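Heads up: the sequence lines are chains A and B, in that order.
Residues in the first sequence are numbered consecutively from 1, following full-length UniProt numbering.
Residues in the second sequence are numbered consecutively from 1, following full-length UniProt numbering.
Protein chains: 2
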Amino acid sequence: MAGLAGVSQATVSLVLSARGDGRAAAISEETRQRVLDAARSLGYVPDPAARRLAAASNNLLGVFSFTATFPTDVQHSYYPFLVGVEQEAAARGYDLVLFTGSSTGGAGAAGPDALSRVRLADGCLFLGRHVPRAELKRLVADGFPVVHLGRREELEGVAWVGADYVSASREVVAHLAELGHRRIVLVREDDDAPASTDRQRGFLDGLAAAGLTGGPGAVLRCADPAGELTAQRVRALVADGVTAFVAEETDTGAAWRALNAAVREAGLGCPGDVSLGLLGSPPADLAARPVPTGFDIPRHRLGAAAVRLLAALVAGEEAEEPLVACEFRAGETAGPPVPPR
Amino acid sequence: MAGLAGVSQATVSLVLSARGDGRAAAISEETRQRVLDAARSLGYVPDPAARRLAAASNNLLGVFSFTATFPTDVQHSYYPFLVGVEQEAAARGYDLVLFTGSSTGGAGAAGPDALSRVRLADGCLFLGRHVPRAELKRLVADGFPVVHLGRREELEGVAWVGADYVSASREVVAHLAELGHRRIVLVREDDDAPASTDRQRGFLDGLAAAGLTGGPGAVLRCADPAGELTAQRVRALVADGVTAFVAEETDTGAAWRALNAAVREAGLGCPGDVSLGLLGSPPADLAARPVPTGFDIPRHRLGAAAVRLLAALVAGEEAEEPLVACEFRAGETAGPPVPPR
DNA sequence: TTGTAAGCGTTATCAA
DNA sequence: TTGATAACGCTTACAA
Chain A
1 MAGLAGVSQA TVSLVLSARG DGRAAAISEE TRQRVLDAAR SLGYVPDPAA RRLAAASNNL
61 LGVFSFTATF PTDVQHSYYP FLVGVEQEAA ARGYDLVLFT GSSTGGAGAA GPDALSRVRL
121 ADGCLFLGRH VPRAELKRLV ADGFPVVHLG RREELEGVAW VGADYVSASR EVVAHLAELG
181 HRRIVLVRED DDAPASTDRQ RGFLDGLAAA GLTGGPGAVL RCADPAGELT AQRVRALVAD
241 GVTAFVAEET DTGAAWRALN AAVREAGLGC PGDVSLGLLG SPPADLAARP VPTGFDIPRH
301 RLGAAAVRLL AALVAGEEAE EPLVACEFRA GETAGPPVPP R
Chain B
1 MAGLAGVSQA TVSLVLSARG DGRAAAISEE TRQRVLDAAR SLGYVPDPAA RRLAAASNNL
61 LGVFSFTATF PTDVQHSYYP FLVGVEQEAA ARGYDLVLFT GSSTGGAGAA GPDALSRVRL
121 ADGCLFLGRH VPRAELKRLV ADGFPVVHLG RREELEGVAW VGADYVSASR EVVAHLAELG
181 HRRIVLVRED DDAPASTDRQ RGFLDGLAAA GLTGGPGAVL RCADPAGELT AQRVRALVAD
241 GVTAFVAEET DTGAAWRALN AAVREAGLGC PGDVSLGLLG SPPADLAARP VPTGFDIPRH
301 RLGAAAVRLL AALVAGEEAE EPLVACEFRA GETAGPPVPP R
C-alpha cells in the first residue's frame with residue numbers, strides 16, 4: 001500500500017486517520033490524494049486490530065449479565081435495557097461486546113475468571129441479580145471501569161445506575177391523596193430487595209407528605225400474597241375505611257395479581273368501589289385493560305444512562321447522578337374515593 | 001504477568017491458549033498452574049486485538065445489522081434471531097460483538113469503511129435487508145468469514161442461512177389437500193422478494209404433489225391486495241369451486257389482512273365456509289384468535305444455525321446445509337372443504 | 001519442557 | 001511536510 005502510493009507507512013496512517021478531522025494541515029494535498037487513490041484501488045482498509053493495539057483503547061464497551069442476555073422469554077429479559085444501551089453506545093461511537101453465557105454454561109461460565117473476560121473491553125456494564133461481589137470489586141480495584149445496572153449500594157465503590165422508585169412511589173400516593181383518598185394500603189411481598197424497600201419508603205413518604213398517617217396496617221406484608229390477601233381481608237379493610245390499594249411490582253407480578261383477584265372476588269369494582277395503584281409496570285399478560293395507575297420504569301433511559309456513566313468512567317471523568325426518574329402513568333384504576341356500600 | 005509467574009511471555013501464551021484443548025502436553029502441570037494462578041491474581045486477560053494481530057483468533061463473533069440492532073419495536077426486531085445467536089455462541093464459547101449503529105448514525109456509520117470494523121472479530125454475522133454488496137463481497141474476497149442471515153443467493157460467495165419456505169409452503173398445501181380441498185388459491189403480493197418466490201414455488205409444488213392443477217387462477221398476484229381482493233372476488237371464486245385460500249406472510253401482513261377482511265365481508269365463516277392458510281406467522285396484532293393454519297419461522301434456530309455456519313467458516317470447515325426447516329402450525333383456520341351454499 | 005526472537009499492521013515520536 | 005523507528009501485546013517457529 002505504502003509502496004503503491006510511493007510514501008511511507010507512517011504517511012498513510014497520517015492521511016487515513018486525519019479523515020473527518022479538519023487537521024489535514026500536516027499533509028500536502030497531493031500526497032493525500034495519492035494515498036487516498038491507492039487505498040481505494042487496493043480496497044485497503046486499516047486493520048482495526050492493529051489500530052487498537054497501537055492506540056491502547058478499543059472502542060468496545062462490555063455488557064455482562066449474570067443470566068442469559070437474551071432469555072427465550074422476552075418478558076424477563078434485558079432487552080428493553082439493551083435498546084437504550086445500544087442507542088447510547090452507538091451515539092458515542094462505541095461497539096458492544098456481549099459476554100455470553102454467564103449462566104448458560106457458555107464461553108467462560110466456569111471459573112471465577114469468567115469475569116476477567118470483560119477486561120477485553122474498555123469498560124463493562126453488569127446486569128443481573130446475583131453478582132459475584134469479589135470478582136466485581138476486583139475489577140474496580142484494578143481501576144477497570146465498571147457500572148452496574150440496578151442499585152448496588154452494598155457494593156461499595158461499584159458505580160451503578162438505577163430507577164428512582166422512591167420518588168415514583170411517592171408520586172403515585174400523592175396522586176391518590178389528591179383524588180381524596182385518606183386510607184391507602186400498600187401490598188408488598190416479604191423480601192428485602194432494594195426495589196421493595198425503596199417503594200415502601202416512597203409510599204410512606206407520600207403518605208406523610210399528604211398529611212396522612214401510615215399506621216400499623218398501612219403496609220400489608222405477606223410472604224405469600226395469594227394466601228394472605230383474601231377477598232375477606234379486602235372487604236374488612238374497605239369496611240374499615242380503606243379506599244385505595246397499591247401493590248409493588250415484582251418479577252412475577254404476584255402482589256398485583258393477588259390484589260386484583262381479591263378485589264374482584266370481594267365483588268368490588270375498580271375504580272368504582274376502590275382505587276388501585278401499581279408501583280411499576282404490569283406483567284405482560286395483564287398489560288391490556290384496564291391500564292393500572294402507577295409508573296413505568298424507563299428501561300431505555302436506564303440503559304442509556306448506564307452507558308453514559310460508563311463512558312464517563314472510561315474517559316476518566318466524574319460520575320453523574322445515578323438515579324433515573326420513572327414516568328407517572330395516570331392509568332384507569334384510580335378515581336375519587338367511594339364510601340363503602 | 002510473565003514476571004510474576006517467573007516464566008516467559010511465550011509460556012504464558014502457550015498455557016492460556018491451550019485452554020480447553022486437550023493438548024496441554026507441551027507444558028508441565030506445575031508451570032501451568034503457576035501461570036494460571038498468576039493470571040488470576042492479576043486479573044490478566046490476553047488482549048484480543050493483539051491476539052488477532054498476531055494472527056490467531058480472539059473468540060469473538062461479530063453481529064452487524066444494517067438497521068438498528070435493537071429497534072424499539074420488539075415486533076420488527078432481530079430479537080428472536082439474537083436469542084438463538086446468543087445461545088449458540090455461548091454454547092460454542094464465543095462472545096459476541098455488536099457492531100452498533102449502522103443506520104443510527106453510530107460508531108462507524110459514516111464511510112464505506114463502516115463495515116471494516118467487523119474485521120476485529122473472527123467472523124461476522126450480517127442481518128438486514130439493505131446490504132452494501134460491494135463492502136460485503138470485499139470482506140469475503142479477503143477471506144474474512146461472513147454469514148448472512150436470510151437468503152442471499154444474489155451475492156455470490158456470501159454464505160447465508162435461511163428458512164425453507166418452499167418445503168413449509170408445500171406442507172401447508174399438502175395439509176389442505178389431505179383435508180380434501182381440490183381448489184386452493186394463493187394470495188401474494190406483487191414483488192419478487194426471494195421469500196415470496198419461494199412460497200409460490202412451494203405452493204405450486206404442493207399442488208402438483210397432491211395431483212391438483214395450478215391453473216391460471218391459482219395464484220392471485222396483486223400489487224395492492226386490499227384493492228384487488230374484494231369480497232365479490234372471493235365470492236366468485238368460492239362459487240367457482242375454490243374451498244381454500246392461503247396468503248403469504250409479509251412485513252406488513254397485508255395479504256393476510258386483506259384475505260381475512262374479504263372473506264369476512266363476503267359473509268363467509270372460517271373454517272366453516274372456507275379454509276384459510278397463512279404461509280408464515282401472523283402479525284402481532286392478529287396473533288390472538290383464531291390461530292392461522294400455516295407455519296412458523298424458527299427464528300431461534302435460524303440464529304443458531306447462522307452461528308454454527310459462521311463458526312464452521314471461522315474454523316475453516318465446510319459449510320453445512322443453509323436451509324432451516326419451518327414448523328408446521330395446525331392452527332384453527334382450516335377444516336374439511338364445504339360446498340358453496 | 002521452556003526460552004528467544006521475529007513478526008503482525010498500526011500509531012506516535014522524533015528527526016530530517 | 002515526510003520518513004525512520006520504537007512501541008503495542010500477542011503467537012509461533014525454532015533453539016536450547
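Virtual Cβ for every residue (Gly too), placed ideally from N, Cα, C.
Note that the structure is predicted; figures quoted are calculated from it, not measured.
Item: Residue range of the unbroken beta strand (DSSP E) whose run includes F99/A; Value: D95 to F99
Item: Sub-9 Å separation of V147/B and L313/B beta-carbons; Value: yes
Item: Neighbour flag for A304/B against chain A, beta carbons, 9 Å; Value: no
Item: Interface partners of Y165/B on chain A, CB under 9 Å; Value: In chain order: nothing, as chain A lies at least about 24 Å away.
Item: Delimiting residues of the beta strand (DSSP E) encompassing L61/B; Value: L60 to S65
Item: Integer-rounded CB distance, given that A334/A should sit under 8 Å from residue 362/A; Value: What the structure shows of chain A is the stretch from 1 to 341, and residue 362/A is not part of that stretch, so it cannot be assessed.
Item: Residues from the region 293-326 of chain B in contact with chain A, defined by Cβ distance under 7 Å; Value: none
Item: Proximal chain A residues relative to S65/B, where beta-carbon distance stays under 7 Å; Value: None at all; the shortest Cβ gap to chain A is about 10 Å.
Item: Closest residue to A168/B among E88/B, V15/B and L278/B (Cα-Cα distance); Value: L278/B
Item: Selection of the region 75-101 of chain A by Cβ proximity to chain B, strictly under 7 Å; Value: Y79, L82, V83, E86, Q87, A89, A90, A91, G93, Y94, D95, L96, V97, L98, F99, T100 and G101
Item: Proximity of A247/B and G206/B at Cβ, strictly below 9 Å; Value: no
Item: Whole beta strand (DSSP E) elements within the region 137-181 of chain B, 3-residue minimum; Value: 146-149 and 159-163
Item: V291/A: contacting residues in chain B (beta-carbon distance under 9 Å); Value: What V291/A touches in chain B: nothing, since even the nearest Cβ is about 18 Å away.
Item: Run of the beta strand (DSSP E) containing V185/A, from where it starts to where it stops; Value: I184 to E189
Item: Distance between R52/B and G108/A (C-alpha atoms, nearest Å); Value: Confidence at G108/A is low in this model, with a pLDDT of 43, below 50, so its placement is unreliable and no value can be given for it.
Item: is_contact[P283/B, chain A] using C-beta, thresh 9 Å; Value: no
Item: Under 9 Å between C-beta atoms of F245/B and I297/B; Value: no
Item: Test item: CB-CB of V45/A and S116/B under 9 Å; Value: yes
Item: Chain-ordered neighbours of V12/B on chain A, where CB pairs are closer than 9 Å; Value: Neighbours of V12/B on chain A: none; closest Cβ ~14 Å, over 9 Å.
Item: Interface flag, G106/A vs chain B, CB-CB below 9 Å; Value: Annotation note: pLDDT 44 at G106/A (below 50); position unreliable, no value reported.
Item: Cα-Cα separation between R129/B and E135/B, rounded to whole angstroms; Value: 15 Å
Item: Contact list for the region 111-128 of chain B against chain A, Cβ threshold 7 Å; Value: D113, S116, R117, R119 and L120
Item: A209/A at chain B interface by Cβ criterion, 9 Å; Value: no
Item: Where the alpha helix (DSSP H) through S13/A begins and ends; Value: Q9 to A18
Item: V338/A versus E249/A - alpha carbon distance; Value: 25 Å
Item: Coil, strand or helix - L268/B by DSSP; Value: coil
Item: One or two residues paired with S275/A in a DSSP bridge; Value: A244/A
Item: Straight-line Cα distance separating R299/B from A163/A; Value: 33 Å
Item: Per DSSP, the bridge partner or partners of E327/B; Value: D296/B
Item: Cβ-Cβ distance between R308/B and E86/B below 9 Å; Value: no
Item: Beta carbon proximity, A50/A to chain B, threshold 9 Å; Value: yes
Item: Spatial distance of A258/A from D198/A (CA atoms); Value: 21 Å
Item: Rounded straight-line distance, which links the Cα of C270/A to that of R264/A; Value: 8 Å
Item: CB contact below 9 Å: V35/A versus chain B; Value: no
Item: Proximal residues to D273/A (C-beta, below 7 Å), its chain only, five neighbours per side dropped; Value: V338
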